[in-house]
Every structure is written in C-alpha cells, then in structure tokens.
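Presented below is the structure to which this report refers.
Residue numbers (our numbering), protein chains in the order written: chain X, 1 to 215; chain H, 1001 to 1242.
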C-alpha cells in the first residue's frame, strides 16, 4: 500500500515536471499556417478568406512575419538577378574565352600573312584573331577576326567592340557588327593593350588579354 | 532562332524536347533559351492536354534532389526514400495549386519567377516537415514500442498519422477547456505556441500582465488545472506507458 502511494506520488511529480515540456513541444506553432500557405500569401495567391485569416494571424505571431520577410528578400533578390540578366542577357555574366594556341588559320585576307594568329575557345565557339602590320601606316596594326561555330546561337546583330586600355589610342571603327560569315576587322590600331567585347541580345563575352607591340 | 509565335505552335511533346535541351545548355553554361520551358509551363497552367504530365516529368527529379539537399541543411533527421518522395510530391503539388492555374499564372511573367516559386515550395515542404517533426518526436516516443515491433510498416505509419491527428485534437480540447480567460489564452498562445519568455508577454500586454512574474503565475495556475484534467491524465498515461 505504501509502495503504491509512493509510485503514485512519483508519477504525479513526473507528470508536473514533464507536462510543460510536452505541451510546449506539442503546441509549438500548432496554429501557424504552413510555409506553402505563407508563400502563397506573399504572392497574393490565396482566396480572400484564407488571406484574411493569415493577415490576422500575422498580427500576433512573432515567427510567421519573419518567414514572410525571408520570402520577400528571396524574391526581391531573384527579381534583381533577373533584371540584371535582362541587361546582360542569357548567361548573366560575361564569359571569358580561353586562349588555346597560336595557329595559322586560313583567314579571309589572303594578301597579308598573319603575324600572330591566335585561337580562343569558348564552349562550341572559337575565335580566331590575326594581327597584321598596316603597310600604309607604320606602327599601326590591322586586326582581323573570325568567329567559328554555330553563329546562329549568338542571336542577331552581334556587336564587336575593341576597347583600349589607353583612351588616347585611336582605333578606326571601334564598334562593328559581325558579318554573316563571322568575320570582323579593325584597322589602324595603335600599340597597346586591348580587349574585345563580343555581344548580342542574348550573349556577351570578352577577350581581355590582347597586347599589340612593336616586337 | 524561333519566333514566339512559332514556339506557341509547336506540339507539346516537341516543346518538351526543346525544354530539356535548353535546360541542358543552361546547366552547361551555354547559351540557352527559356521560352520553351516557359511555354510548357503556360500550357500546364491552362490545362492543355499532356502539358502537366510533361512538366511533372521534367521538374520532379530536380525537386527530389533538392528535397534531399535541403533535408540535410534544415536538419530533418533520418528520412527514407519514400519520405523524400512524399516531400517532393508535396512541393510540386503546392506549386501546381498556387502557380499552374490560369488565374495565378498571370503573376508569373518569366520562367525564373515560376521556378523561384518552385524552389520556395521545395524549401517549404522541408521546413513544414521539420515543424511537424516536433510533434512527431513526442508521438514517436509514445509509440516507440509499437514502432520497434513493426518499423517501416505502412500500417504503422498510417496509425501514427491518425494518432498525430487525434493527439492534436486532444491537446486542443484540453487547452480550450482550461483557457477560458483572456489571460490564459494569451499565456498559452505566447508561451506554448510562440515559445516566448514571460518578460516578452508582459511587455506585449502590459495592462493584463503588469510584470513577468504575473505571466509566470498565470502559466503555473494553468498547468495545475491541466494536470488535474482527466484527458491530460489519460494522455500522460499513454506517454509513459508507450
């Protein structure tokens, strides 16, 4: 009898001890809307009555507004990324073709022998650049380039820009449209460091390590 | 490059092939065109034949992979393949419910937006799982012996789900019975549901609780009343008896 009374008292004490913990565990956010509902609420996709109930809940809950705010941050960041990708479309970032080798490509301008034919590769595209001395203007160069590969993947109106690290360097026609056969040509280019920026509505990449020197 | 009108005229199956191809290009960092996938989603939103099945085929594997990844980072504990598949299903169904219908689709003007929403549905499915596990931990302890005998059994899972529902209902009954006064309701909601401290509750409701001690004494009294509740005693018996 005494043993039974002790057991009962122990049980009661355990009960009190654990009740609060158990209740907290069981009741924690038991009335909070699911994440899916909060997400739909953020986008205003819920039916009116459900949306009102969520609004009412948000007035008192300390947790759900934080989640809404996390969703808003995520989508605002995503919208920012999207807007950025529309300014520099398709891949969002400028891609840098990899220099492969010095070769002797068969360029269109047969008269000049290419001095420094360079071959760059970017995925399935290859860019061939030949540097020739201008016969009529000593110390000046002509750059002849050709894009090889699936040109239609680059979209329409592919623009080629030749950018000089020295603003006083003069370049004839620094901004060209790529010809349908993939060729482009810059004339009377002075000694210096240059970059090519090749872009279209859906693509942009650049070659940044082009140096023209007397040697 | 196809024009928008030409894409609209493609067969859904052809559109699906293009969509798969463009996704591969995107993954390999090649030039890609999102219009094919967007058009496939648009057709699913407007209920065109076969479109939803193809959308499901296209996106469910990546949702499943993400579920596994997020489960690891959000700490769901051990889940089996069937659990992962259930969560992936939850995510994709929520996406279908809230995004892929004509009314809601108007808000998703780009593929990026629609897929960002899917990504959040995927995270949401995992977070909801973590939240429900807090209750299931209690229930798993409760049915530990039963689980040991027939772990992984579908009937046991169904039993636990039913038990979870019953348990929730019983907790609500107890709470409703003992939280008649506004002070009790607030204490239960803010201390038990929201897991706030007495000082936060007192700060939030200074006219009802002039000090944190007042919140604590209301909580103590509420717990004492619940202790005496026959249903709570019955639940306690289950907790301890297993």
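The beta carbon of each residue, even a glycine, is placed where N, CA and C say it ideally should be. Fair warning: this is a prediction, and the values are worked out from it, not measured in the lab.
8 Å Cβ cutoff, residue 1114(H) in contact with chain X = no
Indicate whether at least one CB of chain H lies closer than 8 Å to the CB of residue 72(X).
-> no
Is DSSP giving residue 191(X) helix, strand or coil here?
-> coil
How is residue 1120(H) classed by DSSP in three states: helix, strand or coil?
-> helix
Residue 148(X) - containing alpha helix (DSSP H), residue span = Careful: residue 148(X) lies outside any alpha helix (DSSP H), inside the beta strand (DSSP E) at 141-148.
Which class does residue 204(X) belong to by DSSP, given the choice of helix, strand or coil?
-> strand
Simplified DSSP state of residue 126(X), which is helix, strand or coil | strand
If you draw a straight line from the alpha carbon of residue 1093(H) to that of residue 1046(H), how long is it in whole angstroms?
-> 16 Å
Identify the contact partners of residue 1226(H) in chain X, using a Cβ-Cβ distance below 7 Å as the criterion.
-> 19
Leaving out the 5 sequence neighbours to the left and right, which residues in its chain are closer than 7 Å to residue 27(X) when beta-carbon positions are compared?
-> none
From which residue to which residue does the alpha helix (DSSP H) around residue 164(X) run?
-> Careful: residue 164(X) lies outside any alpha helix (DSSP H), inside the beta strand (DSSP E) at 159-164.
Among 58(X), 54(X), 188(X), which one has its Cα closest to the Cα of residue 137(X)?
-> 188(X)
Hey, quick one: how far does the alpha helix (DSSP H) through residue 1221(H) stretch, first residue to last?
-> 1212-1228
So which residues on chain H does residue 57(X) lean against when the C-beta distance must stay under 8 Å?
-> Here the premise fails: no neighbours, minimum Cβ distance about 11 Å.
Have a look at residue 1195(H) and residue 1219(H) and give me their C-alpha separation to the nearest angstrom.
-> 13 Å
If you draw a straight line from the alpha carbon of residue 160(X) to that of residue 1003(H), how long is it in whole angstroms?
-> 25 Å
Segments assigned alpha helix (DSSP H), at least 4 residues, entirely inside the segment 12-88 of chain X = 35-42, 48-60, 64-87
Residues of the segment 1188-1199 of chain H whose Cβ lies closer than 9 Å to any Cβ of chain X, in chain order = 1188, 1189, 1190, 1191, 1192, 1193, 1194, 1195, 1196
Against chain H: residues of the segment 21-54 of chain X by CB proximity under 7 Å | 22, 23, 24, 25, 26, 27, 28, 29, 30, 31, 34, 35, 36, 39, 40, 43, 45
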